[in-house]
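One structure is given here, and the rest of the page talks about it.
Numbering (the working numbering), first residue to last: 42 to 183.
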C-alpha cells in the first residue's frame, strides 16, 4: 500500500533500527560491529525511503519531514558515538519524536494519507461475492 509506495515503511524502519542500534550501544557486552551494522542498515533504509518519496513527489521538493529528522538524528548520534558522549538524553528525545511521527501515521495526519474509512462489509462477506472463488476445489482426476 501507500507505506511502500511512498517510502514511509522504510523511513519508519530506519527509525526503529536507529533506536535499536543506540540501545545496543548502551549495553556493555555488545560487539561494536553489531551497533555499526544497525546504523548502516538505518542509513540504507532511510536512503531507500527518501528516494521513493522523491520519485513519487511525495511531500514536495523539501522531501519527507520525518526522513529529514531521522537523517539529522543519525548524523548527530554518529558524532556522539565517535566522541564517546553519553546518548541517554538524545535517545529519549529521539524515541519521543518517533512516537510523535508514529501517531501521525496512525491518525492519518499530514504528510501521511488519511486513515481509510471502515469497511462497509466484513471480509468474509466480500469473499463470498467473488465470482468463481467460492466453489469447492475439484481434485485432479475426479
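Note that beta-carbon positions come from the ideal geometry of N, C-alpha and C, so glycine has one too.
Only a predicted model underlies this, so the values are computations on that prediction, with no experimental measurement involved.
query	result
Tell whether a beta-carbon distance below 8 angstroms holds between residue 94 and residue 47.	yes
For residue 89, which three-state DSSP category applies?	helix
Reducing DSSP to helix, strand and coil, say where residue 161 ends up.	coil
Assuming residue 122 contacts residue 86 under a Cβ cut-off of 8 angstroms, what Cβ separation, rounded to an integer in Å, is found between them?	Not a contact, Cβ separation roughly 19 angstroms.
Just how far apart, CA to CA, sit residue 145 and residue 70?	36 angstroms
Find the nearest neighbour of residue 134 within the set 51, 60 and 54, judged by alpha-carbon distance.	60
What does the alpha-carbon distance come out to for the pair residue 150 and residue 56?	18 angstroms
CA-CA distance, residue 103 and residue 165?	43 angstroms
Do you know offhand how far residue 106's Cα is from residue 100's?	8 angstroms
Please go through the same chain and pick out, in chain order, the residues whose beta-carbon is closer than 7 angstroms to the beta-carbon of residue 162, but skip the five residues on each side of it.	none
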